[in-house]
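Chains as they are written, first to last, in our numbering: chain S, 70 to 184; chain H, 41 to 152.
Single-structure report; data block below.
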Amino acid sequence: QKEVEQDPGPLSVPEGAIVSLNCTYSNSAFQYFMWYRQYSRKGPELLMYTYSSGNKEDGRFTAQVDKSSKYISLFIRDSQPSDSATYLCATIISYSGGGADGLTFGKGTHLIIQP
Amino acid sequence: DSGVTQTPKHLITATGQRVTLRCSPRSGDLSVYWYQQSLDQGLQFLIQYYNGEERAKGNILERFSAQQFPDLHSELNLSSLELGDSALYFCASSMSSYNEQFFGPGTRLTVL
Chain S
70 QKEVEQDPGP LSVPEGAIVS LNCTYSNSAF QYFMWYRQYS RKGPELLMYT YSSGNKEDGR
130 FTAQVDKSSK YISLFIRDSQ PSDSATYLCA TIISYSGGGA DGLTFGKGTH LIIQP
Chain H
41 DSGVTQTPKH LITATGQRVT LRCSPRSGDL SVYWYQQSLD QGLQFLIQYY NGEERAKGNI
101 LERFSAQQFP DLHSELNLSS LELGDSALYF CASSMSSYNE QFFGPGTRLT VL
């Protein structure tokens, strides 16, 4: 079982729709959660960063974390063709003695917003 | 623009060769991370440096090594290159281990 599971898609929706992207993780030691957007062969761009269960909103984006079910989501409202990209969820373990490893990524979901 | 710079953008080399990838972190960031992205494996963490010292290791091969210099820029050295090493290599930086990581534009390595 992979540590972070993410449906690769592609997910195709019409412009203006609400998009829901999801990841599940297996290790309860993961405590910090991120969503990145990656355009083709470019560097990942950080969209959301959160460390607690619940919702965090930033503009058209809402990140949701449910640590009890090990489930994280990203919602995009009023989707635009420019939102077409690959969306990567990522998480990181924090250790009791301090420090952390690098990010563990899902494989990414390819999102297509149709004009 | 994340503020993280990487050079070169593209690198084409032959099997058995050695290459060096360079990364400059965002101003004020002390941590540098290296990641490899291939089509089949996705984004994989290789190694982290914090203020000049190695802090964490991921799936880094023994043929690969890295270092972080006093001015905080970092270099990733890849030696005895194989066809399977062809990938995108990203550098990311953050203030510390728990802060957000910001990625550079990447170096595309092609091994022929």
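Backbone N, C-alpha and C define an ideal beta-carbon position, used for all residues, glycine too.
None of these values were measured; they are calculated from a predicted model.
- request: Could you say which of S:170, S:72, S:104 lies nearest to residue 144 of chain S if we only look at CA atoms?
  value: Here residue 144 of chain S corresponds to residue number 75 of the first sequence, with the count starting at 1. Of the listed residues, the one whose Cα sits closest to residue 144 of chain S is S:104.
field: Beta-carbon neighbours of residue 177 of chain S, restricted to chain H and to distances below 9 Å
entry: In the first sequence, counting from the first residue as 1, residue 177 of chain S sits at position 108. Listed along the chain, the chain H residues whose CB falls inside 9 Å of the CB of residue 177 of chain S are 82, 83.
query: Comparing alpha-carbon positions, which option in H:148, H:110, H:137 lies nearest residue 130 of chain H?
result: Working through the second sequence from its first residue, we reach residue 130 of chain H at position 90. The candidate whose alpha carbon is nearest that of residue 130 of chain H is H:148.
- request: Could you tell me whether the Cβ of residue 174 of chain S comes closer than 8 Å to any Cβ of chain H?
  value: Your numbering for residue 174 of chain S matches position 105 in the first sequence. For residue 174 of chain S, a Cβ of chain H is located within less than 8 Å of the residue's own Cβ.
message: Can you tell me whether residue 124 of chain H is helix, strand or coil according to DSSP?
response: For this step, residue 124 of chain H is matched to residue 84 along the second sequence. Residue 124 of chain H falls in the helix class under three-state DSSP.
- prompt: residue 116 of chain S CB to nearest chain H CB: under 8 Å?
  reply: Residue 116 of chain S sits at position 47 when you count from the first residue of the first sequence. By this cut-off, residue 116 of chain S is not an interface position.
- prompt: Taking 8 Å as the CB-CB cut-off, is residue 145 of chain H touching chain S?
  reply: Stepping through the second sequence from its first residue, residue 145 of chain H is reached at position 105. Yes, residue 145 of chain H counts as interfacial toward chain S.
message: Which residues does DSSP list as the beta-bridge partners of residue 117 of chain S?
response: Taking the first residue of the first sequence as position 1, residue 117 of chain S is located at position 48. Looking at the DSSP assignment, residue 117 of chain S forms a beta bridge with S:104.
message: Among H:41, H:145, H:70, H:120, whose alpha-carbon lies nearest the alpha-carbon of residue 92 of chain H?
response: Working through the second sequence from its first residue, we reach residue 92 of chain H at position 52. It is H:70.
message: Beta-carbon within less than 6 Å of residue 104 of chain H's beta-carbon, same chain only, minus the 5 sequence neighbours each way: which residues are those?
response: Stepping through the second sequence from its first residue, residue 104 of chain H is reached at position 64. The beta carbon of residue 104 of chain H sits closer than 6 Å to those of 118, all from its chain and outside the five residues before and after it, given in chain order.
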